[in-house]
Amino acid sequence: YKREHPDPSQGLVLATAHAAKFAEVVEKAIGIAPPLPDRLAAYLKRPKLSLPMSSSYDDFKQFLLL
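Oh and the sequence shown: position 5 is 5 in UniProt numbering, straight run, nothing missing.
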């Protein structure tokens, strides 16, 4: 994307989580534990970084525009 769009703009990418991140729930639902990719295993060992935030779209939008 950056090769085709060299402008200095910034972006935010949101994606769904790998099934292995919720292995217990997935295994209970389908009877099979999803494999845990090495990269996800390493990521899950890192400290969790989060900010409390309301579920309001307007609050989320304001946070992104700060």
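Note that CB positions come from ideal geometry on N, CA and C, so glycine has one too.
Option in the options with minimal Cα separation from residue i
i	options	result
Lys61	Leu12, Pro6 and Thr16	Leu12
Proximal residues to residue i (C-beta, below 8 angstroms), its chain only, five neighbours per side dropped
i	result
Ser56	none
Using 8 angstroms as the Cβ pair cut-off and three pairs as the minimum, do the region 33-53 and the region 10-23 touch? yes
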